[in-house]
């Protein structure tokens with residue numbers, strides 16, 4: 001990824017690290033910039049008053065509404081905020097805009113729940129997890145992802161197909177279960193209660209701990225189907241009842257969450273489709289009306305793209321501040337610290353080889369599809385136009401990988417020995433053209449030059465960025 | 473058909489109705505009147521920017537017509553919204569000069585594309601047209617089976633390839649079949665995709681190009697399916713998809729819940745894309761042509 005970011009930039013003589021700074025600037029374009037503007041105007045007349053703070057709170061209100069937080073929730077939130085924002089810490093501050101942002105963020109985090117909330121442990125296996133929600137919210141996909149997640153963490157989950165209404169829903173769960181390597185129980189189109197009963201017996205016999213029950217999507221106002229869920233709940237006495245909510249949901253999220261909660265007594269929320277560009281205010285609405293923690297977030301189409309939910313990060317996202325923390329986490333989970341330090345040394349001394357380059361490339365790719373990563377960069381959506389020019393095409397990376405793979409060990413370490421006949425051979429071997437090989441070699445040389453500048457940089461700053469991206 | 477719509481809307485009345493009755497009483501228009509109206513529009517997902525715009529226009533009209541009482545203002549507001557939703561584009565489906573009329577149906581995950589396509593086939597068949605379906609969602613697990621079951625239910629033919637195949641190839645085959653069999657409509661399903669995934673939008677572009685090369689002028693309709701429960705993100709969806717392929721209309725689904733789908737007003741304002749059809753229930757007959765009057769009534773019922 002960095003290679004691509006860098007490619008778009010090197011013409012302007014910017015080294016990669018600076019890209020982060022610029023993206024970070026974009027991040028505050030939303031609410032913070034508006035607040036800055038508001039306070040800037042006010043400052044000219046000297047002292048800030050309570051009325052001025054009210055103007056700022058109006059901006060907060062608009063930002064939350066724009067993020068699709070329910071208007072009633074916004075009202076409650078801003079009135080709770082008023083007292084703090086009108087306090088001395090803001091009025092007497094030299095940087096009132098920052099103070100307001102800090103308070104808004106703190107209060108949002110408090111509302112979202114400060115800690116990460118996990119699945120309840122299984123006391124007496126097997127125990128059911130019921131997945132419920134509207135049509136199209138992503139129940140079946142989330143059920144399979146959760147099974148994958150549990151399996152990865154040493155559990156033995158069983159998936160149960162209880163959506164007997166939607167055509168081919170059972171086939172879908174079976175296919176996904178196969179991909180995840182998790183057992184799927186389906187009782188065909190019989191009554192969901194029957195299916196659950198038989199699944200429980202099977203789980204007991206085969207030693208499953210979590211039994212994930214995928215129920216049919218239904219409207220919260222559909223009496224008959226809500227009654228069916230209620231009966232199902234009585235029957236399986238689930239450990240968890242999770243409401244699956246599409247992060248793009250608008251004002252209606254409160255009605256949906258409230259109805260499901262009143263009827264079933266939810267224990268948590270799964271927020272899906274967060275890999276898009278929605279600010280996801282529905283998260284706040286749902287949390288506010290049910291009081292239930294959001295336990296998981298769906299961040300992509302792959303089976304491994306279900307992650308524990310971080311309320312603090314969601315607060316930043318709703319305010320339009322991106323998801324830097326998740327990105328950093330992803331980078332850290334695939335980057336070997338020791339290797340990073342070695343790399344840093346190599347870069348400084350300019351002894352980096354194409355072999356190192358390949359390794360770095362593969363590390364970045366382990367983090368997941370590029371477009372998903374890019375989405376987590378704050379301001380990435382706003383910077384959409386510029387980012388498009390980066391052409392986040394995975395096939396380009398494939399090409400680079402193929403070219404380097406077609407080189408001999410010696411060539412990778414000393415690219416200067418690659419003469420024209422070697423170029424031809426590499427191109428043939430990698431299924432590319434000599435021009436492609438030339439391009440890569442040229443880019444690599446330029447990159448080394450860029451890092452020469454970089455090596456001269458202040459050490460502390462370089463280290464900080466080292467955490468952000470595996471490659472530099 | 474009308475009963476279906478009203479039945480769907482009935483569910484949505486509830487609290488909303490009483491609030492509106494409270495709004496348009498026989499008393500003078502005061503500043504809090506507009507504030508209340510703002511809340512009603514926002515709670516219907518009309519979106520912040522568009523809500524403020526509507527209120528501005530509404531104020532002007534009231535001034536022009538010298539209206540002072542709240543209850544007299546109601547019709548003005550409704551007329552204003554109907555105008556916004558009507559536009560020049562006819563709300564019915566386009567029909568090609570000579571059959572088949574080709575429709576490409578796109579949208580993000582979970583909005584109800586496959587179901588909407590099945591209902592569309594049913595609607596067209598009821599009008600006496602021959603319909604062929606193309607199972608272009610080769611990505612999602614069991615999407616082909618889902619459309620297949622629907623095709624049986626509504627009695628339409630289906631062209632499919634294997635899961636994981638190239639959607640463009642499916643559409644190409646389907647189009648040739650549609651021409652050979654002289655069907656009136658070919659409706660192509662696609663995999664759900666978030667509008668932020670550039671490579672997946674490229675795939676839609678390719679589908680569009682392949683159809684255009686196989687039959688000049690096709691696809692005649694590119695329909696974006698929007699979920700009525702969607703908030704501001706609906707605007708982004710419309711914009712990004714429109715940037716990829718020329719969207720000719722919207723199918724607004726899931727209007728039978730408590731969501732009002734007000735985001736389509738914002739979409740119409742900002743992109744000009746008209747709503748062509750609405751989904752009002754789960755059964756095969758629960759899809760109908762869009763009627764701006766009914767839609768606006770529903771916003772205020």
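Protein chains in written order, with this note's numbering: chain A, 1 to 472; chain B, 473 to 773. Note that beta-carbon positions come from the ideal geometry of N, C-alpha and C, so glycine has one too. This structure is a prediction, so every number in the text was calculated from the model and none was measured.
Terminal residues of the alpha helix (DSSP H) in which residue i lies
i: residue 554/B; result: 542-558
i: residue 263/A; result: 253-264
i: residue 290/A; result: 282-290
i: residue 77/A; result: 71-85
i: residue 748/B; result: Run containing residue 748/B: none in the alpha helix (DSSP H); it sits in the beta strand (DSSP E), 747-751.
i: residue 644/B; result: 639-653
i: residue 706/B; result: 705-716
i: residue 573/B; result: That residue, residue 573/B, is in no alpha helix (DSSP H); its beta strand (DSSP E) goes 573-578.
i: residue 192/A; result: 192-206
i: residue 61/A; result: 50-66
i: residue 502/B; result: Careful: residue 502/B lies outside any alpha helix (DSSP H) and carries neither H nor E.
Interface partners of residue i on chain B, CB under 7 Å
i: residue 248/A; result: 702, 703 and 705
i: residue 68/A; result: 703 and 704
i: residue 176/A; result: 613
i: residue 65/A; result: 514 and 520
i: residue 399/A; result: By Cβ distance, chain B contributes nothing, its closest Cβ being about 15 Å from residue 399/A, past 7 Å.
Beta-carbon gap between residue i and residue j smaller than 9 Å
i: residue 579/B; j: residue 703/B; result: no
i: residue 273/A; j: residue 138/A; result: yes
i: residue 131/A; j: residue 111/A; result: no
i: residue 634/B; j: residue 668/B; result: no
i: residue 675/B; j: residue 574/B; result: no
i: residue 85/A; j: residue 103/A; result: yes
i: residue 288/A; j: residue 68/A; result: no
i: residue 316/A; j: residue 105/A; result: yes
i: residue 162/A; j: residue 91/A; result: no
i: residue 265/A; j: residue 241/A; result: yes
i: residue 355/A; j: residue 413/A; result: yes
i: residue 698/B; j: residue 662/B; result: no
i: residue 180/A; j: residue 303/A; result: yes
i: residue 764/B; j: residue 617/B; result: no
Within chain B, the residues that residue i reaches when beta carbons sit closer than 8 Å
i: residue 62/A; result: 520
i: residue 483/A; result: Nothing about residue 483/A can be read from this structure; chain A reaches only from 1 to 472.
i: residue 116/A; result: Residues of chain B passing the Cβ test: none, with the nearest at roughly 25 Å.
i: residue 134/A; result: 701, 726 and 729
Partner residues on chain B for residue i, Cβ-Cβ distance less than 9 Å
i: residue 138/A; result: 581 and 582
Local conformation of residue i per DSSP, three classes
i: residue 29/A; result: At residue 29/A, the pLDDT of 43 sits below 50, so the modelled position is not reliable; the number obtained from the coordinates is stated separately. Here residue 29/A sits in coil by DSSP.
i: residue 214/A; result: strand
i: residue 101/A; result: helix
i: residue 324/A; result: Residue placement at residue 324/A is poorly supported in this model, since its pLDDT is 47, which falls under 50; the coordinates still yield a value, given next. Note: residue 324/A maps to helix in three-state DSSP.
i: residue 736/B; result: helix
i: residue 308/A; result: strand
i: residue 314/A; result: helix
i: residue 245/A; result: strand
i: residue 295/A; result: strand
i: residue 268/A; result: strand
i: residue 222/A; result: coil
i: residue 425/A; result: helix
i: residue 763/B; result: coil
i: residue 694/B; result: strand
i: residue 111/A; result: helix
i: residue 657/B; result: strand
i: residue 437/A; result: helix
Within chain A, the residues that residue i reaches when beta carbons sit closer than 7 Å
i: residue 515/B; result: 71 and 251
i: residue 708/B; result: 277
Residue i: first and last residue of the uninterrupted beta strand (DSSP E) it sits in
i: residue 724/B; result: 721-725
i: residue 729/B; result: Where residue 729/B is concerned, there is no enclosing beta strand (DSSP E), given that its DSSP letter is neither H nor E.
i: residue 159/A; result: 158-162
i: residue 592/B; result: Here residue 592/B belongs to no beta strand (DSSP E); instead the alpha helix (DSSP H) covers 585-598.
Chain-ordered chain A contacts of residue i [CB-CB under 9 Å]
i: residue 618/B; result: 166, 167, 168, 169, 171 and 172
i: residue 735/B; result: 250
Within chain A, partners of residue i - CB distance below 8 Å
i: residue 621/B; result: 167 and 168
Against chain B, which members of the region 252-277 of chain A pass a CB distance test of less than 9 Å? 252, 253, 255, 256, 259, 272, 273, 275, 276 and 277
Mind listing which residues of the region 412-445 of chain A have their C-beta closer than 7 Å to chain B's C-betas, in chain order? none
Residues of the region 663-692 of chain B with Cβ closer than 8 Å to any Cβ of chain A, in chain order: 666, 667, 668, 669, 670 and 671
For the region 494-512 of chain B, list every residue whose C-beta sits within 7 Å of some C-beta in chain A, in sequence order. 511
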